[in-house]
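Colleague:
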Amino acid sequence: MDTDELTAGHLQELRRGTVVLACLIRLQRPDYGYALLESLNALGILVDANTLYPLLRRLEKQGLLVSEWNTEEARPRKFYRTSPAGRALAETLQAEWRRVDDALTRLTTGDER
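Count the sequence shown with the UniProt record's numbering and you get residues 1 to 113, in order.
(1) Using only the alpha-carbon positions, how far apart do V47 and Q28 sit?
(2) Does DSSP classify V66 as helix, strand or coil?
(3) For R77, does the three-state DSSP call read helix, strand or coil?
(4) Roughly how many angstroms lie between the CA atoms of E13 and T7, to the nearest whole one?
(5) If the criterion is Cβ atoms closer than 8 Å, does the pair L36 and L52 meet it?
(6) Would you list the residues sitting across from Y32 in a DSSP beta bridge?
Have a look at this one:
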């Protein structure tokens, strides 16, 4: 395995959990898949549609998202929003994210108190 493949694999692992957290946070305001994809990418959270749509279905199956179809527009769209269980998980994940970020900051600055 060359260095580029190794790096790509580790970056993918790192992003996997962050995309879940980003979706749970972002979908506290209901939105449909493509708009979510665009907003995450605009924020620098790079995710492919082939990754996002299965993730949304999995999070819905886990009870972390709920969805409903909007058929009022010319094109029907499935809107997702974070469920109460999803909001609770997002809070837990954010707290852990902050703890790990703080620890890594201390580690990289040499302030290992």
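Virtual Cβ for every residue (Gly too), placed ideally from N, Cα, C.
Modeller: A quick look at the data gives this:
(1) 19 Å
(2) strand
(3) strand
(4) 10 Å
(5) yes
(6) F79
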